[in-house]
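Student: I'd like to ask you about the structure that follows.
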Amino acid sequence: MKTLYSSTESAYALLEIPYLDWLSIKESPVFDLNPDQDDSHWLFLQQSPSLSQYSGLVLLVKVGDELYKFDGKIRKALWQSGKLQPPVTLMAQVLDLSEVEFSALNAEVQAKRINTLPTNELILVIYEELGLNFTSERIKSGFISEAINIALRGRPRALQDKRLSHEREDVDLKKAIKLFSRELAFIDSINPKPDIFVTGVLAGALIMLGTHRDLQAFFTRVNNRQGENKNNLEDPVAGLVRTIERHRIDDRSMPAMLSIELCRKTIQAVTLWEEGDESPLYWRRKLVSGIDHMPYIREMKRAKHIDGERDL
Numbered sequence: 003m004k005t006l007y008s009s010t011e012s013a014y015a016l017l018e019i020p021y022l023d024w025l026s027i028k029e030s031p032v033f034d035l036n037p038d039q040d041d042s043h044w045l046f047l048q049q050s051p052s053l054s055q056y057s058g059l060v061l062l063v064k065v066g067d068e069l070y071k072f073d074g075k076i077r078k079a080l081w082q083s084g085k086l087q088p089p090v091t092l093m094a095q096v097l098d099l100s101e102v103e104f105s106a107l108n109a110e111v112q113a114k115r116i117n118t119l120p121t122n123e124l125i126l127v128i129y130e131e132l133g134l135n136f137t138s139e140r141i142k143s144g145f146i147s148e149a150i151n152i153a154l155r156g157r158p159r160a161l162q163d164k165r166l167s168h169e170r171e172d173v174d175l176k177k178a179i180k181l182f183s184r185e186l187a188f189i190d191s192i193n194p195k196p197d198i199f200v201t202g203v204l205a206g207a208l209i210m211l212g213t214h215r216d217l218q219a220f221f222t223r224v225n226n227r228q229g230e231n232k233n234n235l236e237d238p239v240a241g242l243v244r245t246i247e248r249h250r251i252d253d254r255s256m257p258a259m260l261s262i263e264l265c266r267k268t269i270q271a272v273t274l275w276e277e278g279d280e281s282p283l284y285w286r287r288k289l290v291s292g293i294d295h296m297p298y299i300r301e302m303k304r305a306k307h308i309d310g311e312r313d314l
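Take 3 as the starting number for the sequence shown in our numbering and just add one per residue.
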């Protein structure tokens, strides 16, 4: 690394740096999201050898004694893939930043990144921030926001009425995931099948597990399709599994309403399970019809002491 120019007064320096040394310099969130020209721009410049110096001009920031890449993400990918011939050396402009400025810049970039992420990717960020490490495809994929909204509000986000005081604020997904972390960990532990733990069933499971009921055996049996039949009658597990499978193959034009319906039916299956196999309500010929889920949501919120939380 060779210093070509340095000015303490302007907090600026110009370095000649070997390409491999540049690769080893740390990368911050700013580097990942800093706007850069697309592939075609840099590949086009490759046709003009006279512009190679421009292609090899990068910006670094110096924070204390540490250097960080500020731009060059697209070029790095092209150089490493072999699509663009990497230079032997790069010309690096270096700007000095204070730790306070650098932290504020990274925080702003992170906030912008989060605001533009698809919801499932935002949830993956939340998992990481909360230290949650799920292994099942159903939970670790992050497609749980609608189930959380139904579990807390009774309906998906798109159907909530912002004129109502208890629905005016959107659900704070980070708070909600932390709230349901125990329930999500259990569901994840049974390796939930995506075609069983569809949105409505997942919502019902979060609600009923959130009331501190002992339902591990029930949901494990549902996940494994281990329902029982006796004299042409079904137990609650078999009834719910058949309901899920029937809804899954139905051609429905309103998936949001279907999710609410499956949530209600999941809750009803749980209540029938709790009756016990000696109860006349336990064994049934017909599919569960579903019951009002709102009283159980209120029960869950009382159990978790979040009655007054407007963003849950």
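No residue lacks a Cβ here, since even glycine has one placed at the ideal position from N, Cα and C.
#1: Please confirm whether L17 and V96 have their CB atoms less than 8 Å apart.
#2: Which value, in whole angstroms, describes the spacing of the CA atoms of L69 and E29?
#3: Counting only the same chain and skipping the five closest in sequence on each side, list residues whose C-beta sits under 8 Å from that of E277.
#4: Could you check what DSSP says for N234 in three-state terms: helix, strand or coil?
#5: The beta strand (DSSP E) spanning Y298 covers which residue range?
#6: Candidates I152, L242, G133 and S191: which alpha carbon is nearest T273's?
#7: Which residue from A109, V290, Q112 and S143 puts its Cα closest to that of K195?
#8: Just the Cα atoms here: how many angstroms apart are A305 and Q82?
#9: Could you check if E185 is buried or exposed, using at least 16 other CB atoms within 10 Å of its CB as the buried criterion?
#10: Between which two residues does the beta strand (DSSP E) containing L69 stretch?
#11: Note down the Cα distance separating A13 from W24, rounded to an integer number of angstroms.
#12: Return the first residue and the last residue of the alpha helix (DSSP H) that A178 is part of.
#13: Taking DSSP's pairing of strands, which residues face A15 in a bridge?
#14: Report the CB separation of L1 from A271 in whole angstroms; it is logged as a contact under 8 Å.
#15: Check whether the segment 221-239 touches the segment 171-178, counting contact only when three or more Cβ pairs, one atom from each stretch, lie closer than 8 Å.
#16: Let me know if R250 comes out buried or exposed under the rule of 16 or more other beta-carbons within 10 Å of its beta-carbon.
#17: Find the nearest neighbour of R77 within the set D67, G66 and Y56, judged by alpha-carbon distance.
#18: Rank G133, G156 and F188 by C-alpha distance to the C-alpha of I269 and give the top, closest one.
#19: Rounded to whole angstroms, how far is the Cβ of R159 from the Cβ of N151, which I believe are closer than 8 Å?
#20: Considering Cα atoms alone, identify which of G212, V200 and I198 is closest to A187.
#21: Please identify the residue among F199, D216, A240 and L22 whose C-alpha is closest to the C-alpha of S138.
#22: Taking the alpha-carbon of F33 as reference, which of Y7, E103, G292 and N108 has the nearest alpha-carbon?
#23: Could you check whether V111 and L62 sit closer than 8 Å to each other, using their CB atoms as the reference points?
#24: Grouping DSSP H, G and I as helix and E and B as strand, with all else coil, what is L315?
#25: How big is the Cα-Cα spacing for K303 and E263?
#26: Taking T213 as part of the alpha helix (DSSP H), name the residues at either end of that continuous run.
#27: Taking N122 as part of the alpha helix (DSSP H), name the residues at either end of that continuous run.
Tutor: Checking against the coordinates, here is how it stands:
#1: yes
#2: 9 Å
#3: L283 and Y284
#4: coil
#5: Note, Y298: premise wrong, no beta strand (DSSP E); alpha helix (DSSP H) at M296 to A305.
#6: L242
#7: S143
#8: 54 Å
#9: buried
#10: E68 to K71
#11: 20 Å
#12: L175 to L181
#13: S8 and V96
#14: For the chain, the structure presents residues 3 to 314; residue 1 sits outside this window and is missing.
#15: no
#16: exposed
#17: Y56
#18: G156
#19: 5 Å
#20: G212
#21: F199
#22: N108
#23: no
#24: The structure shown has nothing for residue 315, since the chain only spans 3 to 314.
#25: 20 Å
#26: T213 -> no alpha helix (DSSP H), and no H or E assigned at all.
#27: T121 to L132
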